[in-house]
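See below for the structure under consideration.
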Amino acid sequence: MKHMLRNRHFLLLDICVIFSATAVSYIIRLETLNFDAQIRRGIILYACFAAFVHVVIFYISGMYSRYWASAGQAELLAISSACFLSALLITLGVFFLTLAHPAAANYIPRSVPLIEGAITTLAVIAVRFSSRLYRSRKRRTSTSCTHEKTLIVGAGQTGIQVLEVLQQKGENVVGFLDDDPRKIGTLVRGIRVLGCISELSNHVNAQQVKRVIIAIPSAPGKVIRRIAEQSRQSGIEPQILPSIYELALGKFSVSRLRPIQIDDLLRRTPVR
């Protein structure tokens, strides 16, 4: 019920966005705020038509049945595709209307659908992802005092997967460590890459970390040993993911995290 109510809110927001985008499109196209009665009528007619087409395409595309609090690249692609398709249909509709009734071009310029489509796309993306950002920050704030601070070693695809699962469970992830210099200092899904792996002890103490997760399935044994030694010096027994071969057998879950075993320390450097 809450999920349906949330998507009804998005439906209402989409309609408001489309009407607002239409008004802004006319202002940009005509370069004025003073519209005569004919133009005002055109704005209303176009906005109603555009809202109908956008909402129908959004509904067919499943945009009102998604959980936007965890939106990612797939959702961004879905929004872009739906907005492009609806904008294309609206543009064709206006084109054929003005072709059949040339006088209609006086109150519905052919360039309006292009401007409105671009504005609507950006606004719809902003609305959906602001929901994710708000919920993410709210969850982080509410859990920062109730969950142990976690540091993820490895900011690659596996590390991101671990982060997503932990955030869904309300865990408090304070940062990543990674040896790729291009990633250090950047944000990965809103979480900063604090530094390189050799600085683990410093960041554990500075961030008051209580949990270290090694998210590098292909890491050789010497890297695992180095991470384990630094973690234990700070009084933390690190957890590790299964090897890349074990991960291939199934999707990661928190239950698959385990203490370091002797086999992990004997891993060989992957052959390139």
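Per the numbering used here, the sequence shown starts with residue 1, numbered consecutively.
Here a beta-carbon is modelled for each residue, glycine too, at the ideal position from N, C-alpha and C.
As the structure is a prediction and not an experimental result, all values here were calculated from the model.
Just so you know, the alpha carbons of R29 and A78 end up roughly 28 angstroms apart. Look at the beta carbons and you see the region 106 to 114 touching the region 42 to 59: at least three pairs across the two are nearer than 8 angstroms. A direct Cα-to-Cα measurement between F58 and I119 gives close to 16 angstroms. For H54, the CB contacts under 7 angstroms within the same chain, skipping 5 residues up- and downstream, are D14, I18, S86, T120 in chain order.
Within the same chain, Cβ atoms closer than 7 angstroms to the Cβ of V174 are found at K149, T150, L151, Q207, V209, the five residues on either side in sequence being excluded. In the three-state reduction of the DSSP assignment, R189 falls in the coil class, being assigned neither a helical nor a strand state. In the displayed model, K169 falls within coil according to three-state DSSP, outside both helix and strand.
Under DSSP, L177 forms a beta bridge with V153, G195.
The three-state reading of DSSP puts R41 in helix, counting H, G and I together. Within the region 51 to 134, the complete alpha helix (DSSP H) segments at least 4 residues long are 73 to 100, listed from N- to C-terminus. I227 sits in a helix when the DSSP states are folded into three classes. Here A23 is not near A123, since their CB atoms are 9 angstroms or more apart. With a 10 Å radius around the Cβ and a threshold of 16 neighbouring Cβ atoms, F176 comes out buried.
In the DSSP secondary-structure assignment, I18 is not bridged to any residue. In this structure I227 touches I197 by the C-beta definition: roughly 6 angstroms separates them, less than 8 angstroms.
By the neighbour-count criterion, in which a residue is buried when 16 or more other Cβ atoms sit within 10 angstroms of its Cβ, L200 is buried. H9 sits exposed, since fewer than 16 C-beta atoms from the chains shown fall within 10 Å of its C-beta. When DSSP states are grouped into helix, strand and coil, Q208 belongs to the coil group. Look at I160 here: in three-state DSSP terms it is helix. Residue pairing by DSSP puts I214 in a beta bridge opposite V153, I240.
Take the alpha-carbon of S234 and the one of M63: they are about 47 angstroms apart. Per DSSP, reduced to three states, the secondary structure at R182 is coil, with no helix or strand assignment. Taking a contact to require three or more Cβ pairs closer than 8 angstroms, the region 215 to 223 and the region 154 to 165 qualify as touching.
Classified as buried, D178 has 16 or more neighbouring CB atoms from the shown chains inside 10 Å of its CB.
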